[in-house]
Each structure stands twice: as structure tokens, then as C-alpha cells.
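The next block holds one structure in the form of C-alpha cells; read it before the comments.
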Amino acid sequence: MHSDSVVRDMPIKKTVEDLARFGGSAVFSERIHVGRPNIGCRDKFLKRLNDILDSKWLTNHGPNVQEFEAKIADFCGVRHCVSTSNGTMALEIAIRALGLTGEVIVPAFTFVATAHALQWQEITPVFCDVDPVTHNLNPEKIESLITSKTTGIIPVHLWGNPCGVEEVESVAKKHDLQVVYDASHAFGCSHKDRMVGSFGSVEVFSFHATKFINSFEGGGIVTDNDELAEKMRLMTNFGFAGMDKVIHLGTNGKMSEVSAAMGLTNLECMSKIVDQNFENYQSYKAILANIPGIRFFTHTESEKRNFQYVVIELDEEVVGLSRDIFMEILHAENVLARRYFYPGCHRMAPYEHSLSGKTAWLPETEKLLNKVLVLPTGTDVCQRTIEKICAIIIYSIEHASDIRKMLEASGVEST
Ligand SMILES: Cc1ncc(COP(=O)(O)O)c(C=O)c1O
């Protein structure tokens, strides 16, 4: 079993000058990524690829797409999955099919696509603060943001941890709002023993290359509503209801056969991927969870989880260095840890106007944006790699004051 004391004794660096940030050689000769794609069984994928090439059925709801959709719907316990070219397209189509307009409430702490999918259709995303522990939309803060223009809520099941579904649904019901769950992180996860994908009117998945189940690029909208599924299917295919028969406004949002083949290949080894993610998560947790100044984001292990994100929060006051300096130190060692979702959707160019004049807005989101660091995991990351990554983190905390001195001497702010 790993522990911080074992890692503490690892001879990772002799002196602070040996850190790659200060010119020493990097611990890793190759870059270690967050969300490096899981490939699955190459032979099975290549067999499917060959079949696609032989059949010359490359897209337009071919057999791989049909099989992929059936498997996703079955897995989530719903009647329909409408596959799409990516998760953003899935959100856009779901939003349009449900007739959302005006303003829609979204968590401020999310990937920018949640907001873009609305703004792209000239619907205003209204940013809501999140819960400091779960990192999910804080249901108690929704009501004060509702106006006469509000038509819906898009909560995100961040890190694969379902949001407060019951509380969100109750606010939505009270104010007659639609709910579209952005479940991009949460395929394979459950809430009260019910699979994510079966909540609300629709839920949306991303099968992007960085997600634990990927279809290169891809997305899926899952629902039990036959009429809605039919409408969304039309919308992904230019509104075609048959040859020469367009009965609805639509776009090209289709998933290709090769993407579905990759998705199917990944699905076949899903339990292996989750097991490896879980093992990695446990190793990080055993080493980092008790280090003062680190808050380790814990997944609810009594429910199904995909463990595809290993997330820590660094308390600068306790560890003595800012999260950004930690990130720089790790990057120099070729550990490409990420500061999700920095600088925050509300601070990005298309949305920063909404900031004007507001102080103390989104306080919990602001804190997380400066504390969160996402660490590498996935099938390419092994136990030894995790021990070394943790050793760099622990070494940096233990030598924070020397690191600060070195940085200050070179004119860099360290906190
Ligand atoms: C929370 C969230 N929403 C939406 C998306 C968009 O998905 P995609 O990249 O497949 O378009 C992502 C993906 O990265 C995401 O993490």
C-alpha cells in the first residue's frame, strides 16, 4: 500500500536547484497528460475499421452507429440514444429541441462548452455559483437567478459526481423550467443506484478523446421521450425524414461510423478502464489525502463512478506556494497537470461583460479556479508514475520556502 511516508523518502531531487523548473533534469522524459486517450483493443478496432471500409458505409446512421446507440441507451436504462458528432453538438441539439430561449442557468465552474452551447443560439447563460465540496451547481443559489426570461437549467455532473438532482428538479418544477443535464463527465456513473442518463428530460454525454470512453470525437443525447428523440434525430440529420423529404430545421450533427467503431471498442473494455482509473485514484488518495494543505476530491465509492478525474485543491496558505507555481513545477517535470476550468467561463471573452461592476460574485467558483489541479490518470498512467508525481508534489511542499526564495531571486511571485 502506498503512503505519503514511502513517497517522502523517494530520492526524487537532491536539492531545490535540481527541480526542472530551475534548470535540473525532468523526472519524466515524456509528457504525462491528463486525459490521454484510452485506445481499447486495437485489433478489434481495426477489424471494425476494415468492415467499414469494405461496406463503404462511412456515415449516415450505419450499423456501428446503430449498435453504439443501442448499447448506450441500454446501459443507461433509457429507450433512446441519439449519437452526435461531439458533446457540444449534443448540448446544442438538446437545448434547441426543448425550445430553450432567453436565459438558462448554468454552473460557473464548468468547461466553456456548457455556456457556448447556449450563447451560440443567442440564449444567455446565467452563471450560478457551485458547492465548495461537490464542485457542482449549488441548488440553493438557483432561485435568486430566475427571471421572467429563464427557461431552463443545465446542471453539470462534474468529475462524474452527479449534481443534486432532486433539489434541481424541485426548483425546476416550481418555476416550470426545463432541465438538460450536461453529463459529459459522468458516463458509467450512478445516483441512488440509478444510472446517469436517465434523469430529467434529456442528458448529454461527451465521448471526446479525453473522456474515459471515447469515440475520437462524439456525443450522445439520452432520453426516454420518444417524440423528443425523434425530433433530435431529425435535427442531427438536416431534418431529413426520408429521401428528398425535409420536415424539420436541422444541421449536420451525425456521428460517423469510424467514431462509433471506436466507441464500441472502448465500451468493450470499459470495466478494465474503470478498474485502472480506480486503482490510480486509490494510489493518489493514499499518498495525498492526508497532506496538510491538500484537499483530495473524493468520489462517492458506494455509487458507480468512472474515476476519470483525479482532482486536488491546494491551499496556498498552508502549502506555501500558489497552485500556479505547483503547476509550473509539475509541467517542468513533464507532468502536464491542468487547472480546470481556469480562468472561469465568466472571465472568458464572450462572457466577461457579465462581470462588469460585480464584486464578490461567484465566490466559491473563484476560490476553486485558483485552487484546483487535475492530475494525470487513465490506462497509460501506472503506479510508479503516480508515486513519482506525488513525490514531486510532496518535495515541493516540504521545500516551499527554498522554492519561494529561488523564485523571488528571479523576480517571480510565488504566492
Ligand atoms: C462539462 C463538459 N461539457 C461539454 C463538453 C463538450 O464536449 P465535446 O468536447 O465532446 O464537444 C465537455 C468536454 O470536453 C465537458 O467537459
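Per our numbering, the very first residue in the sequence shown carries number 118; after that it's consecutive.
Heads up, the beta-carbon is just placed ideally off N, CA and C, and yes, glycines get one too.
Please read these numbers as outputs of a predicted model, since none were measured by experiment.
Residue span of the alpha helix (DSSP H) that contains residue i, given as start and end
| i | result |
| --- | --- |
| C507 | Q500 to E515 |
| T231 | A230 to Q236 |
| C198 | No alpha helix (DSSP H) holds C198; the beta strand (DSSP E) holding it covers H197 to T201. |
| P480 | P480 to L486 |
| L166 | R159 to S172 |
| G380 | E374 to E385 |
| T417 | Here T417 belongs to no alpha helix (DSSP H), and DSSP marks it neither H nor E. |
| I446 | R440 to A449 |
| I189 | P180 to C193 |
| K362 | Segment: none, K362 is in no alpha helix (DSSP H) and carries neither H nor E. |
| D343 | D343 to T353 |
| V282 | V282 to K291 |
Between the CA atoms of residue j and residue i - distance to the nearest angstrom
| i | j | result |
| --- | --- | --- |
| K161 | Y457 | 34 angstroms |
| L431 | F192 | 36 angstroms |
| I270 | L345 | 18 angstroms |
| K505 | V297 | 40 angstroms |
| P256 | F226 | 14 angstroms |
| R165 | D171 | 10 angstroms |
| V529 | S518 | 14 angstroms |
| W174 | T268 | 40 angstroms |
| I222 | V247 | 12 angstroms |
| L262 | L479 | 12 angstroms |
| G194 | A143 | 47 angstroms |
| E481 | V288 | 21 angstroms |
| D343 | R196 | 8 angstroms |
| S307 | I189 | 14 angstroms |
| H150 | L453 | 5 angstroms |
| E445 | W276 | 23 angstroms |
| V363 | N177 | 15 angstroms |
| T532 | E515 | 15 angstroms |
| D361 | A232 | 35 angstroms |
| N278 | R422 | 7 angstroms |
| T205 | A403 | 35 angstroms |
| A466 | V428 | 26 angstroms |
| L384 | A526 | 52 angstroms |
| E283 | Y459 | 29 angstroms |
| L136 | L438 | 15 angstroms |
| N369 | G336 | 13 angstroms |
| S315 | E420 | 15 angstroms |
| A187 | N167 | 22 angstroms |
| C245 | E483 | 12 angstroms |
| F139 | M523 | 8 angstroms |
Distance CB(residue i)-CB(residue j) smaller than 8 angstroms
| i | j | result |
| --- | --- | --- |
| D348 | H365 | A quick correction: the sequence has Lys, not Asp, at residue 348. Result yes, Cβ atoms of K348 and H365 sit closer than 8 angstroms. |
| I408 | I511 | yes |
| V273 | D293 | no |
| L116 | R440 | For residue 116 there is no data in the structure shown, the boundaries of the chain being 118 and 532. |
| Q295 | L215 | yes |
| L472 | E184 | no |
| V319 | A230 | no |
| S323 | N203 | yes |
| N338 | V313 | Looking at the sequence shown, residue 338 is not Asn but Ile. Not a contact, by the Cβ cut-off of 8 angstroms. |
| R213 | Q236 | no |
| E134 | G141 | yes |
| T496 | Q393 | yes |
| L254 | I240 | no |
| V391 | G410 | no |
Range covered by the beta strand (DSSP E) that runs through residue i
| i | result |
| --- | --- |
| D299 | Q295 to D299 |
| R412 | I411 to F413 |
| V321 | V319 to S323 |
| F244 | T241 to C245 |
| E220 | E220 to P224 |
| G337 | G336 to T340 |
| T205 | Careful: T205 lies outside any beta strand (DSSP E), inside the alpha helix (DSSP H) at G204 to A214. |
| V491 | V489 to L492 |
| I429 | V427 to L431 |
| A264 | First, the residue type needs correcting, since residue 264 is Thr and not Ala in the sequence shown. T264 -> no beta strand (DSSP E), and no H or E assigned at all. |
Task: Sequence-ordered residues whose beta carbon comes within less than 6 angstroms of a heavy atom of ligand 1 - done: What you get when you keep residues with a C-beta closer than 6 angstroms to any heavy atom of ligand 1 is N203, G204, T205, T227, F228, A230, T231, V273, D299, S301, H302, S323, H325 and G336.
Task: contact_flag[the region 449-456, the region 405-423] where n(CB pairs < 8 angstroms) is 3 or more - done: Not touching, per the Cβ criterion.
Open item on the list: Quick check: the region 315-332 against the region 351-361, are at least 3 beta-carbon pairs closer than 8 angstroms?
Closed with: Touching, no.
- [ ] Count the CB pairs spanning the region 300-309 and the region 126-137 that are closer than 8 angstroms, and state whether there are at least three.
- [x] Per the Cβ contact rule, the region 300-309 is not in contact with the region 126-137 (fewer than 3 Cβ pairs under 8 angstroms).
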